Amino acid sequence: MITLESRAGRITRIAALGLWLVLTLFPLYWIVVTAFKPTSDIYKFPLEYWPSTFSLENFAGLFSKANFGTYLVNSLIIATVSAAIVTVISLLSGYIIARFEFRARGAVILAFLVTQMIPAFIALGPLYQLMVSLGLVNDRTGLVFVYIAMCIPFSTIMLRGFFENVPDALEEAAMIDGCSRLGALFRILVPVMTPGIVAAFIFNFVSCWNELFLSVTLLTSDANKTVPTALNGFITSYNIDWGSMSAAAVLTIVPTMVMFAFASKYIVQGLTAGAVKG
Amino acid sequence: MPSPAPAIERRTAVPATPVPPSGGEATRRRREFSRRRALTIAAFLAPAVAFVALFTYYPMFSGVFGAFRNWSIYNIENQSWVGLANFETILRDALFWKTIGNTVLWVLGSLVPQFVIGFALALWLRRRFRFRGVYQALIFFPWAVSGFLIGILFRWMFNGEFGVVNDLLMKTGLIDTPLPWLADPALAMPAIIVANVWYGVTFFAIMILAALQSVPDELYEAAALDGTTKALALWHVTIPYIRTTLTLIVLLRVIWIFNFPDLIFGMTGGGPAGQTHIVTTYMIEITQQGDYGRASALGILVLVVLMVFASFYLLATRERKEAHR
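So this is what it looks like as structure tokens:
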């Protein structure tokens, strides 16, 4: 209910919202500021809340001293390939769950929901064993398989929601015109649902990009490491080099933030779109 | 492959009343049709189900059996059955009991402030203002960052020597000397909880805001006619209306906080001396040490707790569905 607001109420509201905004953004600000300080200024009193000298040495060091370029490329490939495959697979499964009534439907939905409450890391040991017997340990393809399985349930549930927003008259018309079901799905439904599909892809990408425990367990050689695995290596070393650490954190955060900025726009579109209101 | 027939199956699935018993031909076509339908369902679901079954459920179930075996990465050939020995080791482990206490502290200590601050923010955000969309997008940002990285960000801010938290506290006169936040067990636990509160408030703010916006205005108008104050309207109109939604949000959040070793991993790694481990971080550490049997036993204990919360959650979902029917 929107009632008239007293002057004091208005001031309290603006102050509270402002304070929370500052608190939310400060950790991000601080890591960015640290990343751009020369090492000597990071460990110096009084702390500089705005760097007196800006330096790119931390970023440069990541690529010259550590193989950060390799880690970035690995993460990019693994996250992109996994997210693309997951999105296609869960288009199929989400479509079936949205459109068909069948006996195992409830069981499939429940099995997917359960994975959302039980974390993937609960069976790290057995998973490692499985990957050993499949010959997929320390193999980026193996990690892609595991990530696909990790992302399918949420992606399916999300896409199912988008399918339910599109009236089935659309693909029925296409199929009466002689289109196959798969053809109708990809030629008719996918174009209509593009914003939702992009949002699902981005969610999947960000989950894979950020994932730590599975990659730490399954990737052993430096050449295969992803960014989170590398960061984990940085913090388990005795003396954390906070300059490189901050630069690496900034490079990790930026892509996901950009993608999320896009995704939130598409999510809104995805909810309001739908070619025909049936 | 043109297959026009299934297009109308949803209609035909409901038995159309005036079907004349035209004998074998109709039955044969109906069978052919439902066979094709079953094939479509199976083919479209197969990839999703296969991946989840092989890489999620299979390890989970083999972990359940592994809990009763002597299963160590250093002696992988010799996996003898040891009965309940793994569980016994865990229950005798003092650090395990410490992690139980920490887990309760971690869940409740994070949940309550997250809920209260999130609820307040949602109430303040309910009123439209010019940059509300931008504001929401900005406070949304922690969600794009992994819990592990959030942990790293806070590890740096709570650094005992050059940390900005100490600097700010000293500037405001709240402390006189820098505190060794993450090196002192008594301070490290509150520090990781502060980080987690910070991370989770947005979730509550956005979910509760959506719930608040679902309350029809007429309810408030009726309450206003009866001369209720704002606070009373909140208590007697808003909260009862969104009660089930709130229950769902809280239960989901409890499960997620319980399942959230990422932040602790980035911030303290369970240290100092294991004093900030919660059950899930402890389990991961044992796995990394290679003792899969003991980690699996711990995993079963985690599963049991999760099952309890998950069934509460599913029950609450059902209750809401029925309420909306």
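Top line first, the protein sequences correspond to chains A and B.
Residue numbers for the first sequence follow this note's numbering, so the first one is 1036 and each next one is one higher.
Residue numbers for the second sequence follow this note's numbering, so the first one is 1104 and each next one is one higher.
Note that the Cβ used here is the ideal one computed from N, Cα and C, for glycine as well.
Keep in mind the model is a prediction, meaning the values are calculated, not measured.
Practice item. Determine the DSSP secondary structure at W1246(B), reduced to helix, strand or coil. Key: Indexing the second sequence from 1 puts residue 1246(B) at position 143. The answer is helix: DSSP assigns W1246(B) an H, G or I state.
Exercise for review: Classify I1232(B) as buried or exposed, calling it buried when 16 or more other Cβ atoms lie within 10 Å of its own Cβ.
Suggested key: Start at 1 with the first residue of the second sequence, and residue 1232(B) comes out as number 129. Here the sequence assigns Phe to residue 1232(B), which means Ile is not the residue at that position. By the 10 Å Cβ count, F1232(B) comes out exposed.
Check your understanding: For G1309(A), does the three-state DSSP call read helix, strand or coil?
Key -> Here residue 1309(A) corresponds to residue number 274 of the first sequence, with the count starting at 1. Residue placement at G1309(A) is flagged as unreliable, the pLDDT there being 29, under the threshold of 50; the coordinate-derived value follows with that caveat. In the three-state scheme derived from DSSP, where H, G and I count as helix and E and B as strand, G1309(A) is classed as coil.
Check your understanding: Looking at the unbroken alpha helix (DSSP H) that takes in T1229(A), where does it start and where does it end?
Key -> Residue mapping note: residue 1229(A) aligns to position 194 of the first sequence, counting from 1. Its alpha helix (DSSP H) spans residues T1229 to N1245.
**Study point:** Range of the contiguous alpha helix (DSSP H) that encloses S1165(B)
**Key:** Stepping through the second sequence from its first residue, residue 1165(B) is reached at position 62. Element bounds for S1165(B): Y1161 to G1169.
Practice item. Indicate whether at least one CB of chain A lies closer than 8 Å to the CB of M1163(B). Key: The residue you call residue 1163(B) lines up with position 60 of the second sequence. Proximity of M1163(B) to chain A, defined by a Cβ-Cβ separation below 8 Å, is satisfied.
**Study point:** Closer than 8 Å to chain D by CB, L1252(B)
**Key:** As a matter of chain content, chain D is missing from the structure shown, whose protein chains are A and B.
**Study point:** Which listed residue (A1327(B), I1367(B), T1383(B) and N1189(B)) has its alpha carbon closest to that of P1293(B)
**Key:** For the purposes of this step, residue 1293(B) is taken as residue 190 along the second sequence, with counting starting at 1. Comparing Cα positions, the closest option is I1367(B).
Check your understanding: Is the CB of Y1177(B) under 8 Å away from at least one CB in chain A?
Key -> For this step, residue 1177(B) is matched to residue 74 along the second sequence. False, the Cβ-Cβ gap to chain A never drops below 8 Å.
Practice item. Consider the Cβ of T1264(A): report whether some Cβ of chain B lies at a distance smaller than 8 Å. Key: Your numbering for residue 1264(A) matches position 229 in the first sequence. Not an interface residue.
**Study point:** chain B contacts made by the stretch 1066-1098 of chain A, where a contact means CB separation under 9 Å
**Key:** Answer set for the stretch 1066-1098 of chain A: I1066, T1069, I1077, Y1078, K1079, F1080, P1081, L1082 and Y1084.
**Study point:** Contacting positions in the stretch 1356-1372 of chain B - beta carbon closer than 8 Å to chain A
**Key:** The residues in question are I1358, N1362, P1364, D1365, F1368, G1369 and G1372.
**Study point:** 8 Å Cβ cutoff met for L1247(A) and N1267(A)
**Key:** Position 212 of the first sequence, counted from the first residue, corresponds to residue 1247(A). Position 232 of the first sequence, counted from the first residue, corresponds to residue 1267(A). Going by beta carbons, L1247(A) and N1267(A) fall inside the 8 Å limit.
Exercise for review: Can you grab the Cα-Cα spacing for the pair V1304(B) / G1330(B), in whole Å?
Suggested key: Locating residue 1304(B) in the second sequence gives position 201, where the first residue counts as 1. Locating residue 1330(B) in the second sequence gives position 227, where the first residue counts as 1. Those two C-alpha atoms are separated by around 33 Å.
Check your understanding: Counting pairs of beta carbons, one from the stretch 1174-1189 of chain A and one from the stretch 1105-1122 of chain A, are three or more of them closer than 8 Å?
Key -> Short answer: they touch.
Exercise for review: For A1308(A), collect the residues of the same chain with a Cβ closer than 7 Å to its Cβ; drop the 5 residues on either side in sequence, then sort them by chain order.
Suggested key: For the purposes of this step, residue 1308(A) is taken as residue 273 along the first sequence, with counting starting at 1. Residue placement at A1308(A) is flagged as unreliable, the pLDDT there being 34, under the threshold of 50; a coordinate-derived value is accordingly withheld.
Point to revise | Assumed close pair F1363(B), G1266(B) - CB separation to whole angstroms, cut-off 8 Å | key: One-based indexing of the second sequence puts residue 1363(B) at position 260. One-based indexing of the second sequence puts residue 1266(B) at position 163. Not quite, the Cβ-Cβ distance comes to about 23 Å (not below 8 Å), so this is no contact.
**Study point:** Assigned exposure category for Y1130(A) - 16 Cβ within 10 Å defines buried
**Key:** Numbered from 1 along the first sequence, position 95 holds the residue referred to as residue 1130(A). Buried, because 16 or more other Cβ atoms sit within 10 Å of the Cβ of Y1130(A).
Check your understanding: Is DSSP giving W1184(B) helix, strand or coil here?
Key -> The count along the second sequence starts at 1 and reaches residue 1184(B) at position 81. Here DSSP, grouped into helix, strand and coil, assigns W1184(B) to strand.
Check your understanding: Applying a beta-carbon distance threshold of less than 9 Å, which residues of chain B neighbour L1056(A)?
Key -> What you label residue 1056(A) is simply residue 21 of the first sequence in a count that begins at 1. Per Cβ cutoff of 9 Å: Y1238, L1241 and I1242.
Point to revise | Enclosing alpha helix (DSSP H) for Y1064(A) [first to last residue] | key: One-based indexing of the first sequence puts residue 1064(A) at position 29. R1042 to A1070 is the span of the alpha helix (DSSP H), which, as asked, contains Y1064(A).
Exercise for review: Whole angstroms is fine: what's the gap from F1221(A)'s alpha carbon to V1233(A)'s?
Suggested key: Residue numbering aside, residue 1221(A) sits at position 186 when the first sequence is read from its first letter. Residue numbering aside, residue 1233(A) sits at position 198 when the first sequence is read from its first letter. V1233(A) has its alpha-carbon roughly 14 Å from the corresponding atom of F1221(A).
Review point. Taking Cβ-Cβ distances below 7 Å as the criterion, which residues of the stretch 1264-1295 of chain B are in contact with chain A?
Key: Those residues of the stretch 1264-1295 of chain B placed with their C-beta closer than 7 Å to a C-beta in chain A are F1265, V1267 and D1270, ordered along the chain.
Review point. Between which two residues does the alpha helix (DSSP H) carrying I1157(A) extend?
Key: As a working mapping, residue 1157(A) is identified with position 122 in the first sequence. Per DSSP, I1157(A) lies in no alpha helix (DSSP H) and is assigned neither H nor E.
Practice item. Output the distance between the C-alpha atoms of T1159(B) and K1072(A), rounded to the nearest integer angstrom. Key: Start at 1 with the first residue of the second sequence, and residue 1159(B) comes out as number 56. Start at 1 with the first residue of the first sequence, and residue 1072(A) comes out as number 37. Roughly 43 Å separates the two Cα atoms.
Exercise for review: Pick helix, strand or coil for R1172(B), following the three-state DSSP scheme.
Suggested key: Locating residue 1172(B) in the second sequence gives position 69, where the first residue counts as 1. Strand.
**Study point:** Among F1295(A), A1043(A), F1240(A) and V1289(A), nearest to I1113(A) - alpha-carbon criterion
**Key:** Sequence index remark: in the first sequence, residue 1113(A) carries index 78 (1-based). I1113(A) has its Cα closest to that of F1240(A), out of F1295(A), A1043(A), F1240(A) and V1289(A).
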